[in-house]
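Residue numbers (the numbering used here): -4 to 325. Idealized CB from N, CA, C, for every residue including glycine.
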């Protein structure tokens, strides 16, 4: 088997689709982790994802917008709704906030189920795909269309690279925020909100900030999701989606950003690995989750694990004669 055949086997259409879905789920997991970093449990991510998906899809289907600005508009609209929703709901805490945000998600789903512009339960079909758009561009404007490789395969690799780049930018920005004054304020609010308020921290401002960021990330993921598939419907953004997003954080490790990414990747790949046994797939999936919560309650990647890995990296850097990285730097 040649290297080209090996790469074609590894990067087949199915594997590329799963990899794209991992990037989307990582964004969704981060949309839950961001408010949790300030001690706020939000279950409205499915609703914000729905807003971003429907907004972007309608702009491309009905208004003829290009895909990129449509996705950006969907993410900004979801962030605006999160900002407006945050004012009354962030006075709540704990389970009450979770119930309020979950109710928002259900309200959005019911609206999508009954509005004529969203086609109700029939959903939106024929949504333009990013991969198809890139493939057509390669076919019309480059020599790749007549090359040995399928333009659709090249387009899939390009779209996957773009999604990985978007995720990398989001992770970088969140890491920089965590090591800044904002991140220190968020950790103080998470530890003890009353004490943080007594120290002069504007807790309402910071909680509203992370809630808006959460809506933006979920809306961004929704817009991308809508343009990776030809169809979206209200059932794609229901209660199960909200719980899946929470599981990415809880099972990956809510103490660190990296745990969320690991959890999203693991819980995206795991159902695919269990497809060989369709009858027992959900049972095995649930059993593995229960076992993980029993034997690894801190998640797949805890803060202690991340600290240990960072210590080893710093020790290797010192042994190699490199200057140690400053604490708090991303």
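What is the DSSP secondary structure of residue 152, reduced to helix, strand or coil? Position 157 of the chain shown, counting from 1, holds the residue named residue 152. Helix.
Selection from 244, 252, 250, 251 that minimises the alpha carbon distance to residue 263: Residue 263 sits at position 268 when you count from the first residue of the chain shown. When only C-alpha atoms are compared, the closest one is 244.
Take the Cβ of residue 322 as the centre, count every other Cβ of all protein chains shown within 10 Å, and call the residue buried at 16 or more, exposed below. Position 327 of the chain shown, counted from the start, is the residue given in the question as residue 322. Legend: pLDDT at residue 322 = 43, less than 50; position of this residue unreliable, no value from coordinates given.
Looking at the secondary structure, which residues open and close the alpha helix (DSSP H) in which residue 231 lies? As a working mapping, residue 231 is identified with position 236 in the chain shown. First-last for residue 231: undefined, no H or E at that position.
Where residue 324 and residue 6 are concerned, what is the direct C-alpha to C-alpha distance, given to the nearest angstrom? As a position in the chain shown, residue 324 is number 329, starting the count at 1. As a position in the chain shown, residue 6 is number 11, starting the count at 1. Note that residue 324 scores a pLDDT of 42, beneath 50, so its modelled location is shaky; the value from the coordinates is reported in the next line. Answer to the nearest angstrom: the Cα atoms are 35 Å apart.
Could you tell me if residue 107 is buried or exposed, where buried requires 16 or more neighbouring beta carbons within 10 angstroms of its beta carbon? In the chain shown, the residue the question calls residue 107 occupies position 112. Flag for residue 107 reads buried.
Indicate whether residue 37 and residue 92 have their beta-carbon atoms separated by less than 8 Å. Taking the first residue of the chain shown as position 1, residue 37 is located at position 42. Taking the first residue of the chain shown as position 1, residue 92 is located at position 97. Yes, they are a contact pair.
Residue 30, buried or exposed, once every other Cβ within 10 Å from all chains shown has been counted against 16: As a working mapping, residue 30 is identified with position 35 in the chain shown. It is buried - the Cβ of residue 30 has at least 16 other Cβ atoms within 10 Å.
Sequence-distant residues of the same chain with beta carbon closer than 6 Å to residue 228, five excluded per side: Here residue 228 refers to the residue found at position 233 when the chain shown is read from its first residue. The answer, listed in chain order, is 118.
Residue interval of the alpha helix (DSSP H) (run including residue 12): The residue given as residue 12 occupies position 17 in the chain shown. It spans 8 to 31 - the alpha helix (DSSP H) in which residue 12 sits, taken as one unbroken run.
Can you tell me whether residue 137 is buried or exposed? The criterion is at least 16 other CB atoms within 10 Å of its CB, across all chains shown. Numbered from 1 along the chain shown, position 142 holds the residue referred to as residue 137. Exposed is the call here.
Alpha-carbon spacing of residue 11 relative to residue 155, whole angstroms: Translated into positions along the chain shown, residue 11 becomes position 16. Translated into positions along the chain shown, residue 155 becomes position 160. Straight-line Cα distance between these residues: approximately 7 Å.
Taking just the CA atoms, how far does residue 134 sit from residue 248? Here residue 248 refers to the residue found at position 253 of the chain shown. Here residue 134 refers to the residue found at position 139 of the chain shown. Spanning the two alpha carbons is a distance of roughly 44 Å.
Does the region 72 to 80 come close enough to the region 222 to 236 to have 3 or more Cβ pairs within less than 8 Å? no
Sheet register partners of residue 120 (DSSP bridge): Numbered from its first residue, the chain shown carries residue 120 at position 125. DSSP, once it has assigned bridges, lists 226 as partnering residue 120.
Three or more beta-carbon pairs under 8 Å between the region 46 to 66 and the region 189 to 206, yes or no? no
Rounded to whole angstroms, what is the Cα-Cα separation between residue 61 and residue 256? Start at 1 with the first residue of the chain shown, and residue 61 comes out as number 66. Start at 1 with the first residue of the chain shown, and residue 256 comes out as number 261. Approximately 29 Å between the Cα atoms of the pair.
In the region 83 to 117, which residue ranges form an unbroken alpha helix (DSSP H) of at least 4 residues, counting only runs that do not cross its ends? 90 to 109
Neighbour flag for residue 222 against chain D, beta carbons, 8 Å: You won't find chain D in this structure, because it holds only one protein chain.
Output needed for residue 242: all residues of its chain with C-beta closer than 8 Å, excluding positions within five of it in sequence on either side, in chain order. As a working note, residue 242 is residue 247 in the chain shown. Here the set comprises 258, 262, 284.
Given residue 113 as reference, the closest of 47, 126, 287, 64 once Cα atoms are compared: As a working note, residue 113 is residue 118 in the chain shown. Looking at the Cα atoms, 47 is the closest of the given residues.
Beta-carbon spacing of residue 232, residue 111 below 8 Å: Translated into the one-based positions of the chain shown, residue 232 becomes position 237. Translated into the one-based positions of the chain shown, residue 111 becomes position 116. In this structure, residue 111 does not lie closer than 8 Å to residue 232 by Cβ.
Tell me which residue opens and which closes the alpha helix (DSSP H) that residue 128 is part of. Residue mapping note: residue 128 aligns to position 133 of the chain shown, counting from 1. Per DSSP, residue 128 belongs to the alpha helix (DSSP H) from 125 to 136.
What span of residues does the alpha helix (DSSP H) with residue 206 cover, start to end? Taking the first residue of the chain shown as 1, we reach residue 206 at position 211. Taken as a continuous stretch (DSSP letters only), the alpha helix (DSSP H) holding residue 206 covers 198 to 221.
Nearest-angstrom Cβ-Cβ length linking residue 22 and residue 165, presumed shorter than 8 Å: Your numbering for residue 22 matches position 27 in the chain shown. Your numbering for residue 165 matches position 170 in the chain shown. Contact flag correct, Cβ pair sits at about 7 Å.
Does the Cβ of residue 102 have 16 or more other Cβ atoms within 10 Å, making it buried, or fewer, making it exposed? For this step, residue 102 is matched to residue 107 along the chain shown. By the 10 Å Cβ count, residue 102 comes out exposed.
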